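K.L.:
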Amino acid sequence: MFGKLLKYEFRSIGKWYFGLNAGIVAIAAILSLVIKIVIKKNPDVSLLSKFLPFSLILIFGALIAGSLLATLLIIINRFNKNIYGREGYLTMTLPVSEHKLILAKLLSSVTCSFFNFLVLVAAFAILILPQFNKSDLLNGMNQLLKVAPQHMNLIAFLCVTIVLSTLSSILAIYFAISIGQLFSNRRGLKAFMAYFIIQLTLSIIFTYINTNILGLEFDQEIDFTTNYYFLVTSLEGLFQIILYYFGTHFIMKYKLNLQ
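Quick note: the sequence shown, position 120, residue 120 per UniProt numbering, numbers continuous.
#1: Would you mind giving the Cβ-Cβ distance between V110 and T166, rounded to the nearest angstrom? I have them listed as a contact below 8 Å.
#2: If I'm right that Y244 touches L171 with Cβ under 8 Å, what's the distance once you round it to whole angstroms?
#3: Kindly confirm or deny that the region 74-85 and the region 97-117 touch, where touching means at least three C-beta pairs closer than 8 Å.
#4: Reducing DSSP to helix, strand and coil, say where L238 ends up.
#5: Kindly provide the ranges of any alpha helix (DSSP H) runs that are 4 or more residues long and lie completely inside the region 15-101, ordered along the chain.
#6: Would you please state the rounded distance, in angstroms, between the beta carbons of A65 and L20? I believe it to be under 8 Å.
#7: Is the region 232-242 touching the region 199-214, taking contact as three or more C-beta pairs under 8 Å?
#8: Could you tell me if K134 is buried or exposed, where buried requires 16 or more neighbouring beta carbons within 10 angstroms of its beta carbon?
#9: Taking S169 as the reference, which of R186, F196, I35 has the closest Cα?
#10: Rank D136, F10, Y17, G85 by C-alpha distance to the C-alpha of I177 and give the top, closest one.
#11: Measure the alpha-carbon distance for N185 versus A191 and round it to whole angstroms.
#12: Just confirm the distance between the C-beta atoms of L144 and I251, as a whole number of angstroms; I'd bet it's less than 8 Å.
#13: I want to know whether the region 122-142 touches the region 25-37 - three or more CB-CB distances under 8 Å.
#14: To the nearest whole angstrom, what separates the beta carbons of I24 and A123, a pair I think is in contact under 8 Å?
#15: When burial is assigned at 16 or more other CB atoms within 10 Å of the CB, is L47 buried or exposed?
#16: Excluding the 5 residues flanking P59 on each side, which residues of the same chain have their C-beta closer than 7 Å to its C-beta?
#17: Should L164 and G247 be called a contact, given that it needs their Cβ atoms to be closer than 7 Å?
#18: Tell me the residue span of the alpha helix (DSSP H) that contains F183.
#19: Helix, strand or coil: how does DSSP classify F250 here?
#20: To the nearest angstrom, how far is it from the Cα of I241 to the Cα of I35?
#21: Need the endpoints of the alpha helix (DSSP H) that H139 sits in, please.
#22: My guess is that A194 and I205 are in contact by the Cβ rule of under 8 Å, so how many angstroms apart are they, rounded?
#23: Could you give the residue range of the alpha helix (DSSP H) that holds T211?
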């Protein structure tokens, strides 16, 4: 049943989302080609030649903003409508636990987030890399491969931080939506308020703990790749994930209030 839930989640995303991300890559390729031909090979560019890259840049930026917003809306709408909306009556009658429902939503949202991230990375690579000579790119790659083993702590820190922050951000949205549905009216507004109140409260608490208890003075020079800092930030990320997950689970299981 969990596999069927995941299959349904991915099918419900819609072809338009993949088309939007494909458009980002296509515009990046066209823009890269235009910049290379018009700007580099024609120093005395005309007004039209100047306007074309500018127009493509605007379209490229609009597509990026649209893809980020679309990913956020998918995360919000799929959870809100399937759990607390009209579809919630059907969803909650499925022979699966609340844990599996949350995990299915979470996994599909994480997949969308990383897919969107990879598309943006690919788009910027397509846009920027062709502007350099092959020899310069090869030299840069060789230098990067030589330096990378010396900074494995930083690479590990970034990877873990990205994973934890992604999980935490998605679950924070789920938790805020769940809090909002506890009210009988203006649920969206109250979920929005709950999100920012939770984030502000946790930010104040973590800042106080890090500064006054753990001795992490952020106005001083700190090596952010040390094991101590890595451990503290990772534990804080895990705490948020656990709080948001089980808070969402508790409301779904014991305080469900469908409209």
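The beta carbon of each residue, even a glycine, is placed where N, CA and C say it ideally should be.
Every value quoted in this text rests on a predicted model; they were computed, and no experiment measured them.
P.N.:
Reading from the atomic positions:
#1: 6 Å
#2: 4 Å
#3: yes
#4: helix
#5: 15-34, 47-79, 88-91
#6: So it is not a contact: roughly 11 Å between Cβ atoms.
#7: yes
#8: exposed
#9: F196
#10: G85
#11: 11 Å
#12: Incorrect: roughly 46 Å between the Cβ atoms, too far for contact.
#13: yes
#14: 5 Å
#15: Unreliable placement is indicated for L47, whose pLDDT of 49 sits below 50; no coordinate value is reported for it.
#16: Before going on, a small fix: residue 59 reads as Ile here, not Pro. If we look at I59 and ignore the five residues flanking it on each side, its Cβ neighbours are I27.
#17: no
#18: Premise fails: F183 is in no alpha helix (DSSP H) and is neither H nor E.
#19: helix
#20: 44 Å
#21: Checking the sequence, you will find Asn at residue 139 rather than His. Unbroken alpha helix (DSSP H) run through N139: 134-147.
#22: Not really, about 16 Å apart at Cβ, beyond 8 Å.
#23: That residue, T211, is in no alpha helix (DSSP H); it is neither H nor E in DSSP.
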